[in-house]
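Numbering (our numbering), first residue to last: 311 to 436. Ideal Cβ placement from N, Cα and C applies to all residues, glycine included. Every value quoted in this text rests on a predicted model; they were computed, and no experiment measured them. Each remark here refers to the structure printed beneath this line.
Here it is, written out as structure tokens:
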């Protein structure tokens, strides 16, 4: 089966490349970092939405089988802010992923991030 994949916080496309090499069809991606977008577009030719995920019309995301999300870790990592979901800059971005999941209803969800080494964020999704 040729799975259709969308990617949030796609970065330079590492996760997408892995899915592509496994035979999946990457059909949509989102990334706001302009430098990462330049590299991404050198490797893929499907639509790349270059904006904050909060600004994306979620209903514009096509029908997918798999959703990947490499949401930023700076709110949770020991080297980062350690504010967890309370971090005003990026703590809310995992919740944006949940909104996309609710809207797109993928069969598979692939989340890429570090484990939660800081107490802030642990247990919030029980």
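- As DSSP reads the structure, residue 378 sits in a beta bridge with 317, 420.
- For residue 336, the enclosing beta strand (DSSP E) stretches over residues 335-340.
- Assignment of residue 371 by DSSP, reduced to helix, strand and coil, places it in the coil class.
- Here residue 323 is buried, its C-beta having at least 16 other C-beta atoms within 10 Å.
- In terms of Cβ geometry, residue 327 and residue 379 do not form a close pair [threshold 7 Å].
- Taking C-beta atoms as the reference points, residue 366 and residue 374 fail to come closer than 7 Å.
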